[in-house]
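Report on the following structure.
Residue numbers (this note's numbering): 5 to 536.
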């Protein structure tokens, strides 16, 4: 206990005794050294059942704890209420996980409303929580502490490899409380299963040692809030264990449900963690950039950040050499290339090259890839549900939240053009000049049908599925494209004789969108300025 808390307790004890003597009533006698006559212990005892019911059966709701604390101030003349008060106290002790000494200490704070209100107020009021001034990481940590201990706000939902233990406790407690409150043994709808998967993943991150170290490191943390911090931990662990037990029972005889709730999310998090370990420095930089899109200070510091992401993406494309458009989509649905491509688009925009950003972002817009490990768990559950939609209620009509990364880069007036490359010539300023053949040629017409494989999520939250396209016919087109200039760093796929689809701008600069071997599009050699 801090020295300020001790001095507060010393003031409370004589005050209770003095008031008892002045009033002379037996009910105001103070069997506990911290009792104070600001609430009738009989009234408090009689209200506990109602308070517990109104709190969803929880003995850990602040209003319940306050009533139990005041009920401890019953004196000898209130004997008929003492057994009930003792039972409620025992229920609280069992739920809270506090020692007898900690219970007495907490009740000392709770029994005096003025002291209880005063002690945490200064700490909570001075806790800086500002998404405009703080990074997403700092804001996530501080807002979680504020929500958990001060009951203000709702946390930030920050999701990366470096969440604090306090953030994990808040997330696990919140989702477990909600899911247990609304539990039904028939909880098998698609949306509920995704929530189960998410909460199970959060619960696996709970770390007792880190949690209490973080609380201990908080300067000036009032003892009252420190005790509540322990209650929150024990409450979270108990609720997580109860939810886990119910989920195991729910999925025991159903491999599909087990895969959605446990297996697929666990695999996704393991893969996310493994990929992060391979390139942690640049991926952390990517996360900082993408999770702080509205933080002008962080964005300003990122000027010139394109090259690192562009070089790593170029390596990935060169190693994988995706020969079809579907292969490109599969690659960009993976965590590392997805994050690097989005980061590259943001970096291009920061450097005032929005046309480049527009083309790059278009390739990954709405892609169902994760910006954090918990999101990876949710997407894994979603993918499995969609692939087994006939076995799960509501899966065929699912809508999801809008993609977190949903950019609106402005390219200005732009035109989609295509043609066979006649020449590629280097020019000054890191540019190349590309000319095209004037020709009449045949292009394929495709007959496409929707599959159950998710490609992306559109701006309205609708799932967009992969198309399975078969050749249908040829169509004759006449092509005449005026010369364009392309930045050399985005021109590696442009070779004489290849067939390029480009987006050109008013000044006749351009960005390659796709580059094929021939107009028949038999083999892909480049996408969004990358080549292999």
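Note that the Cβ used here is the ideal one computed from N, Cα and C, for glycine as well.
*What's the gap between the Cα of residue 20 and the Cα of residue 374?*
Here residue 20 is taken as the residue at index 16 of the chain shown, counted from 1. Here residue 374 is taken as the residue at index 370 of the chain shown, counted from 1. Interpretation of residue 20 is limited by its pLDDT of 36, a score under 50 that renders its predicted location unreliable; no figure is taken from the coordinates.
*asked:* Measuring straight from C-alpha to C-alpha, what distance separates residue 532 and residue 504?
replied: Within the chain shown, the letter at position 528 stands for residue 532. Within the chain shown, the letter at position 500 stands for residue 504. Roughly 11 Å between the two C-alpha positions.
*Could you tell me which uninterrupted beta strand (DSSP E) segments, each at least 3 residues in length, are contained entirely in the region 452–501, listed from first to last along the chain?*
If we require 3 residues or more, the beta strand (DSSP E) runs fully inside the region 452–501 come out as 467–483, 488–491.
*Kindly identify the DSSP beta-bridge partner or partners of residue 367.*
As a first step, residue 367 is located in the chain shown; it is residue number 363 there, counting from the start. Residue 367 pairs with nothing; no bridge assigned.
*Given residue 179, which residues of its chain have a CB within under 8 Å of its CB, disregarding the five upstream and five downstream residues?*
Looking up residue 179 in the chain shown gives position 175. Around residue 179: 199, 202, 203, 206.
*Residue of 469, 345, 509 minimising C-alpha distance to residue 359*: Locating residue 359 in the chain shown gives position 355, counting from the first residue. Minimum Cα distance to residue 359 is reached at 509.
*Output yes or no for whether 9 Å exceeds the beta carbon distance between residue 514 and residue 438.*
If you number the chain shown from 1, residue 514 lands on position 510. If you number the chain shown from 1, residue 438 lands on position 434. Judged by beta-carbon spacing, residue 438 lies within the 9 Å limit of residue 514, meaning their Cβ atoms are closer than that value.
_Candidates 399, 82, 64, 283, of which the one nearest residue 44 by Cα_ = Translated into the one-based positions of the chain shown, residue 44 becomes position 40. Per the Cα distances, 82.
*What whole-angstrom Cβ distance do residue 283 and residue 340 have, given they're in contact under 8 Å?*
Here the question's residue 283 lines up with position 279 in the chain shown. Here the question's residue 340 lines up with position 336 in the chain shown. Yes, they are in contact, since the Cβ atoms of residue 283 and residue 340 sit about 6 Å apart, within 8 Å.
*Output the residue ranges of the alpha helix (DSSP H) runs that lie fully inside the region 235–303 and measure 4 residues or longer, sorted by chain position.*
Counting only runs of 4+ residues, the alpha helix (DSSP H) found wholly inside the region 235–303 occupies 259–262, 268–282, 284–294, in chain order.
*Per the contact definition of three or more C-beta pairs closer than 8 Å, is the region 320–327 in contact with the region 157–177?*
Between the region 157–177 and the region 320–327, the count of C-beta pairs closer than 8 Å stays below three; the two stretches do not touch.
*By Cβ distance below 7 Å, which residues in the same chain neighbour residue 529 in space, the five residues on each side in sequence not counted?*
Here residue 529 refers to the residue found at position 525 of the chain shown. So the qualifying residues of the chain are 497, 502, 519, 520, 521, 535, 536.
*asked:* Classify residue 256: buried if its beta carbon has 16 or more other beta carbons within 10 angstroms, exposed otherwise.
replied: In the chain shown, residue 256 corresponds to position 252, counting from 1. Flag for residue 256 reads exposed.
_Using only the alpha-carbon positions, how far apart do residue 302 and residue 332 sit?_
For the purposes of this step, residue 302 is identified with residue 298 of the chain shown, where counting begins at 1. For the purposes of this step, residue 332 is identified with residue 328 of the chain shown, where counting begins at 1. Here the alpha carbons of residue 332 and residue 302 stand approximately 31 Å from one another.
_Rounded C-alpha distance that separates residue 182 from residue 262_ = To locate residue 182, count along the chain shown from 1; it is residue 178. To locate residue 262, count along the chain shown from 1; it is residue 258. Going by the C-alpha atoms only, they are around 21 Å apart.
*Starting from residue 516 and walking both ways along the beta strand (DSSP E), at which residues does that stretch end?*
Reading the chain shown from its first residue, position 512 is the one you call residue 516. Per DSSP, the unbroken beta strand (DSSP E) holding residue 516 starts and ends at 514–520.
*asked:* Going by beta-carbon coordinates alone, are residue 307 and residue 354 separated by less than 9 Å?
replied: On the chain shown, residue 307 is found 303 positions in, with the first residue counted as 1. On the chain shown, residue 354 is found 350 positions in, with the first residue counted as 1. Inclusion of residue 307 and residue 354 in the CB contact set at 9 Å is warranted, their separation being smaller than that value.
_Once the 5 residues before and after residue 230 are set aside, which same chain residues still bring their CB inside 7 Å of it?_
Taking the chain shown and counting its residues from 1, the one referred to as residue 230 is at position 226. Listed in chain order, the non-local C-beta contacts of residue 230 below 7 Å within the same chain comprise 219, local neighbours out to five positions each way being set aside.
*Starting from the N-terminal side, write out each stretch of the alpha helix (DSSP H) that is 4 residues or longer and does not extend beyond the region 321–402.*
329–336, 339–354, 358–368, 377–391, all fully within the region 321–402.
_Identity of the residue in 162, 387, 131, 349 nearest residue 337 by Cα_ = As a working mapping, residue 337 is identified with position 333 in the chain shown. Nearest C-alpha to residue 337: 387.
*If we call anything under 9 Å between Cβ atoms a contact, is residue 269 one with residue 384?*
Counted from its first residue, the chain shown places residue 269 at position 265. Counted from its first residue, the chain shown places residue 384 at position 380. Less than 9 Å divides the Cβ of residue 269 from the Cβ of residue 384.
*Would DSSP call residue 503 helix, strand or coil?*
Taking the first residue of the chain shown as position 1, residue 503 is located at position 499. In this structure, residue 503 counts as strand in the three-state DSSP scheme.
*Give the range of the alpha helix (DSSP H) segment to which residue 427 is assigned.*
One-based indexing of the chain shown puts residue 427 at position 423. No alpha helix (DSSP H) contains residue 427, which is instead part of the beta strand (DSSP E) from 418–431.
*Taking the alpha helix (DSSP H) that residue 113 falls in, what are its first and last residues?*
Counting from one through the chain shown, the residue named residue 113 turns up at place 109. Looking at the DSSP string, the run of the alpha helix (DSSP H) that includes residue 113 is 104–114.
*Among the residues of its own chain, which have a CB less than 7 Å from the CB of residue 100, if the five just before and after it don't count?*
Sequence index remark: in the chain shown, residue 100 carries index 96 (1-based). Around residue 100: 64, 235, 238.
*Answer yes or no: do residue 433 and residue 493 have a C-beta to C-beta separation smaller than 9 Å?*
Here residue 433 refers to the residue found at position 429 when the chain shown is read from its first residue. Here residue 493 refers to the residue found at position 489 when the chain shown is read from its first residue. No, these two residues do not count as a Cβ contact at 9 Å.
*Residue closest to residue 329, alpha-carbon to alpha-carbon, out of 189, 429, 254, 472*: Looking up residue 329 in the chain shown gives position 325. Comparing Cα positions, the closest option is 472.
*Assign residue 170 to one of three DSSP states: helix, strand, or coil.*
For the purposes of this step, residue 170 is identified with residue 166 of the chain shown, where counting begins at 1. In this structure, residue 170 counts as helix in the three-state DSSP scheme.
*Return the chain-ordered list of same chain residues with a C-beta closer than 8 Å to the C-beta of residue 478, the five sequence neighbours on each side being excluded.*
Here residue 478 corresponds to residue number 474 of the chain shown, with the count starting at 1. Contacts found: 446, 447, 448, 449.
*Just the C-alpha distance for residue 299 and residue 287, rounded to the nearest angstrom, thanks.*
To locate residue 299, count along the chain shown from 1; it is residue 295. To locate residue 287, count along the chain shown from 1; it is residue 283. Going by C-alpha positions, residue 299 is about 18 Å away from residue 287.
_Quick check: the Cα distance between residue 46 and residue 88, rounded to an integer number of angstroms?_
As a working note, residue 46 is residue 42 in the chain shown. As a working note, residue 88 is residue 84 in the chain shown. Looking at the two C-alpha atoms, the distance is approximately 11 Å.
*Burial state of residue 91, where buried means 16 or more other Cβ atoms lie within 10 Å*: For the purposes of this step, residue 91 is taken as the residue at position 87 of the chain shown. Residue 91 comes out exposed.
*Expected contact under 8 Å - CB spacing of residue 380 and residue 507 to nearest Å*: To locate residue 380, count along the chain shown from 1; it is residue 376. To locate residue 507, count along the chain shown from 1; it is residue 503. In this structure, residue 380 and residue 507 do not form a Cβ contact; the two beta carbons are roughly 31 Å apart against a cut-off of 8 Å.
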